[in-house]
């Protein structure tokens, strides 16, 4: 059994690292919005403002876990961050459209609505980052 696990890990180590980082990023991502909401809403911040603050934090946190732990790329921080942000920026814009609909029209609480929306991001992120964000370049090989 141990040999099977080691063989699978050696064949799919990037995917295993992505699952670990993804688990951590998911925990952080699903925790930050509620925490920011709980602390910032009484100060007069609306759920959309809280979304923007929490997403900036989570995007940056996730970038560093993916860059250094999962894909282990060297250099190209600005370029990779821009590609990484393009992916999450797209989802952020989509989120800015969907969250008010879910909260105001469907009447779901902001925390539950944001949690549900997060799952679309989780499913598609590996493919984007593997094929676009952290795609090896000649300089990184």
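Residue numbers (the numbering used here): 31 to 171.
Glycine included, every Cβ here is placed at the ideal spot set by N, Cα and C.
Owing to the predicted nature of the structure, the values given are computational and were not obtained by experimental measurement.
Next on the checklist: So, with DSSP's three-state summary, where would you put residue 50?
Outcome noted: Position 20 of the chain shown, counted from the start, is the residue given in the question as residue 50. Helix at residue 50.
Checklist entry - Which first and last residues belong to the alpha helix (DSSP H) in which residue 123 is found? => result For the purposes of this step, residue 123 is taken as the residue at position 93 of the chain shown. Under the DSSP assignment, residue 123 falls in the alpha helix (DSSP H) whose first and last residues are 107-130.
Checklist entry - Between the stretch 112-124 and the stretch 48-60, do at least 3 Cβ pairs fall closer than 8 Å? => result Taking 8 Å as the limit for Cβ pairs, the verdict is that the stretch 48-60 does not touch the stretch 112-124.
Checklist entry - Skipping 5 residues on each side, what residues in its chain have a beta carbon closer than 6 Å to that of residue 44? => result Along the chain shown, read from residue 1 onward, the residue named residue 44 stands at position 14. Excluding positions up to five away in sequence, the list is empty.
Checklist entry - Is it the case that the Cβ atoms of residue 156 and residue 46 are separated by a distance below 8 Å? => result Within the chain shown, the letter at position 126 stands for residue 156. Within the chain shown, the letter at position 16 stands for residue 46. No, the Cβ-Cβ distance between residue 156 and residue 46 is not below 8 Å.
Item to check | Buried or exposed by the 16-neighbour rule on C-beta atoms within 10 Å, applied to residue 140 | outcome: By 1-based counting over the chain shown, the position of residue 140 is 110. With 16 or more neighbouring CB atoms inside 10 Å of its own CB, residue 140 falls in the buried class.
Next on the checklist: Given this structure, state the Cα-to-Cα distance separating residue 149 from residue 85, to the nearest angstrom.
Outcome noted: If you number the chain shown from 1, residue 149 lands on position 119. If you number the chain shown from 1, residue 85 lands on position 55. Between residue 149 and residue 85, the C-alpha separation is close to 14 Å.
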